[in-house]
Amino acid sequence: MRIDAQDPKNSYIEKLVAVTDPGLLAIEARLRAADRWGVNIGANEGRLLALLVQVSGAKKVVEIGTLFGYSTVWLARALPANGQPAIGQTDGRVWTIERDPISAAHARQGFLDCGVAERIDLLEGEASEKLRELESAHSPFDLVFIDANKSAYPEYLDWAERNLRVGGLVIADNVFLGGAVFYDAKPDSVSLRQWQGMREFNQRLLSGGKFTSAFVPTSEGLLVGVLV
Ligand SMILES: C[S@@+](CC[C@H](N)C(=O)[O-])C[C@H]1O[C@@H](n2cnc3c(N)ncnc32)[C@H](O)[C@@H]1O
């Protein structure tokens, strides 16, 4: 969520979507204190995630990349009202993956502050390992939100193809890779693996035949696809 605050369009949007609830504001305060505010999605993207959970009727959601749980709260709050299962049940849940223990601790506190802790399983560790565990325990899923290490996006897409139900959604943030994907030669700002990986990811989602997809051209680039 790095936005140009000078652009009147952005200030207009920010004003209308401003968050007022104390739980999300507490997460924002923690992110700011840790100088991580802006690494998370913004409130308008949060609204879009929530809207996509609601219109798709998603109950089983996987998020790769929790940070302090800002996006996770938007996803969890959008689960169906009757999707408040007892701990241990497998529907109406968000499984979110974070490898950094400090971020994971902040996220756990945020889930309590926002009143959604019972809907979320925070899996602490490497995404590749946690995704393997999720695949064997809970597949298929309704929605996957990808927002972690950029070079692994193609592997996360492989996983989504195997583990989404038909009609399930894949949503990915930062697909413009700070603008690096726009160029046919790799810019110095990114590694070859990141640049090739993200270009492959976008290409597969947009024209690989397995998804109906579209860019949402936020400043960082969101991609939304439905498995057909
Ligand atoms: C962009 S932030 C996520 C932001 C969050 N989705 C939000 O909008 O509030 C990416 C997070 O993914 C985590 N991450 C990166 N690579 C990972 C990996 N291979 N396995 C697990 N977590 C990873 C990072 O530690 C970081 O907290």
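Quick note on this note's numbering: the sequence shown kicks off at 580 and runs consecutively. All residues carry an ideal CB built from backbone N, CA and C; glycine is no exception.
**Request:** Tell me, to the nearest whole angstrom, how far the beta carbon of V634 is from that of A655; I am working on the premise that it is less than 8 Å.
**Result:** Between A655 and V634 the Cβ distance is about 16 Å, and since that is not below 8 Å, they are no contact.
**Message:** I'd like to check one pair, N728 with V760: are the Cβ atoms closer than 8 Å?
**Reply:** no
**Message:** Helix, strand or coil, according to DSSP, for A684 in the structure here?
**Reply:** helix
**Request:** Can you check DSSP and say which residues form a bridge with L702?
**Result:** I676
**Assigned secondary structure, I606 (DSSP; H/G/I helix, E/B strand, else coil)** = helix
**Request:** Would you mind stating whether L691 and D752 have Cβ atoms separated by less than 8 Å?
**Result:** no
**Asked** Looking at C-alpha atoms only, which residue of D614, E624, N619, L610 is the closest neighbour of S595?
**Response** The sequence shown places Leu at residue 595, not Ser. Taking only the C-alpha atoms, the option nearest L595 is E624.
**Prompt:** Could you give the C-beta distance for S798 and D583, rounded to a whole number, given that I count them as a contact under 8 Å?
**Reply:** 7 Å
**Prompt:** Taking E734 as the reference, which of A706, V640, A637 has the closest Cα?
**Reply:** A706
**Asked** With 16 other CB atoms within 10 Å as the buried threshold, where does Q773 fall?
**Response** buried
**Inter-residue CB distance, G804 and V749 (contact presumed, cutoff 8 Å)** = 5 Å
**Request:** Could you check how far apart the C-beta atoms of D737 and V640 are, in whole angstroms? I think they sit under 8 Å.
**Result:** Not really, about 19 Å apart at Cβ, beyond 8 Å.
**Message:** What does the alpha-carbon distance come out to for the pair V695 and V652?
**Reply:** 7 Å
**Request:** Mind checking which residues open and close the beta strand (DSSP E) that includes V596?
**Result:** Per DSSP, V596 belongs to no beta strand (DSSP E); it is in the alpha helix (DSSP H), 587 to 596.
**Asked** At which residues does the beta strand (DSSP E) containing F761 begin and terminate?
**Response** No beta strand (DSSP E) contains F761, which DSSP labels as neither H nor E.
**Message:** Quick check: S682 and L710, are their CB atoms within less than 8 Å of each other?
**Reply:** no
**Request:** Label G747 either buried or exposed according to how many other C-beta atoms from any shown protein chain fall within 10 Å of its C-beta, with 16 as the threshold for buried.
**Result:** buried
**Prompt:** Going straight from the alpha carbon of E703 to that of R626, what length do you get?
**Reply:** 26 Å
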